[in-house]
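**Student:** I'd like to ask you about the structure that follows.
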Ligand SMILES: [Zn+2]
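Numbering (my numbering), first residue to last: 2 to 239.
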């Protein structure tokens with residue numbers, strides 16, 4: 002991969018055995034990547050990027066300036082993700098405590114009181130995600146504790162803007178991003194393993210990567226998958 006700069010925008014260029022140039026802007030930071038045919042020269046690549054500058058900037062502005070969660074209205078018909086799968090949100094008014102249920106492997110029913118506003122609906126769903134994630138985590142930590150012999154003293158889930166997880170290696174304390182509830186289980190597992198390995202090695206150095214390679218050989222794929230997918234919402238189809 003090469004990086005070139007066009008009109009102050011840095012672009013990752015990947016040459017591949019493909020017919021047409023493919024340009025994409027990725028959340029959350031608006032990284033620009035272009036896959037180009039093997040024989041296309043740099044000038045042609047630059048020209049192609051220049052011709053799409055407005056499109057690139059539009060997407061970068063969207064990713065940068067937006068409070069990604071607030072882009073959702075939490076109304077029926079929206080797409081929401083759970084454990085890597087896309088579900089249709091269905092808001093149901095009822096006269097009891099709020100709850101969430103999955104139906105037909107395709108729908109998330111969100112039961113709320115009539116008149117509840119967007120933020121209340123969002124909170125109910127977020128708390129549901131939190132409970133689901135907290136159910137998933139212990140067995141994964143347990144599994145990896147026995148595989149890599151790192152015990153986690155404390156873990157928690159919180160909303161984070163820029164990181165999937167953090168690790169305080171001294172305290173052996175791990176925080177996981179609530180958004181992981183929306184991601185495939187193997188992505189959650191990758192972050193858990195990643196943070197647990199920080200107990201052994203704090204930095205992202207060669208030793209750390211060697212450990213990841215040893216225990217989770219496909220970690221690069223999972224990382225790529227996480228960074229490809231939107232952090233908060235999904236209206237980023239190109
Ligand atoms: Zn790390």
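From the three backbone atoms N, C-alpha and C, an ideal C-beta is built for every residue, glycine too.
Since we're looking at a predicted model, the values are computed, not measured.
How far does the alpha helix (DSSP H) with residue 211 in it reach, from first residue to last?
**Tutor:** In the chain shown, the residue the question calls residue 211 occupies position 210. Per DSSP, residue 211 belongs to the alpha helix (DSSP H) from 207-216.
**Student:** Cα separation between residue 138 and residue 59?
**Tutor:** Taking the chain shown and counting its residues from 1, the one referred to as residue 138 is at position 137. Taking the chain shown and counting its residues from 1, the one referred to as residue 59 is at position 58. Taking the straight line from one Cα to the other gives about 37 Å.
**Student:** DSSP puts residue 49 in a beta bridge; with which residues?
**Tutor:** Mapped onto the chain shown, residue 49 falls at position 48. Per DSSP, none; premise fails for residue 49.
**Student:** Please classify residue 75: does DSSP put it in a helix, a strand, or coil?
**Tutor:** Residue 75 sits at position 74 when you count from the first residue of the chain shown. In the structure shown, residue 75 sits in coil (DSSP, three-state: anything other than H, G, I, E or B).
**Student:** Expressed to the nearest angstrom, what Euclidean distance is found between the alpha-carbon atoms of residue 70 and residue 88?
**Tutor:** Your numbering for residue 70 matches position 69 in the chain shown. Your numbering for residue 88 matches position 87 in the chain shown. Bear in mind that the predicted position of residue 70 carries a pLDDT of just 45, short of 50, making it unreliable; the figure below should be weighed with that in mind. In a straight line, the C-alpha of residue 70 is about 16 Å away from that of residue 88.
**Student:** In terms of residues, what are the limits of the alpha helix (DSSP H) holding residue 19?
**Tutor:** Within the chain shown, the letter at position 18 stands for residue 19. Residue 19 -> no alpha helix (DSSP H), and no H or E assigned at all.
**Student:** Mind checking whether the beta-carbon of residue 295 lies closer than 7 Å to any heavy atom of ligand 1?
**Tutor:** With the chain covering 2 to 239 only, the question about residue 295 has no answer from this structure.
**Student:** Residue 102 and residue 110 look like a contact to me (Cβ under 8 Å); what is the Cβ gap, rounded to whole Å?
**Tutor:** One-based indexing of the chain shown puts residue 102 at position 101. One-based indexing of the chain shown puts residue 110 at position 109. Rounded, the Cβ-Cβ distance is 5 Å, consistent with contact.
**Student:** For the alpha helix (DSSP H) containing residue 124, name the first residue and the last one.
**Tutor:** Walking along the chain shown from the start, residue 124 turns up at place 123. Where residue 124 is concerned, the enclosing alpha helix (DSSP H) stretches over 119-149.
**Student:** Any idea if residue 56 is buried or exposed, counting beta-carbon neighbours within 10 angstroms, 16 or more meaning buried?
**Tutor:** Here residue 56 is taken as the residue at index 55 of the chain shown, counted from 1. Residue 56 comes out exposed.
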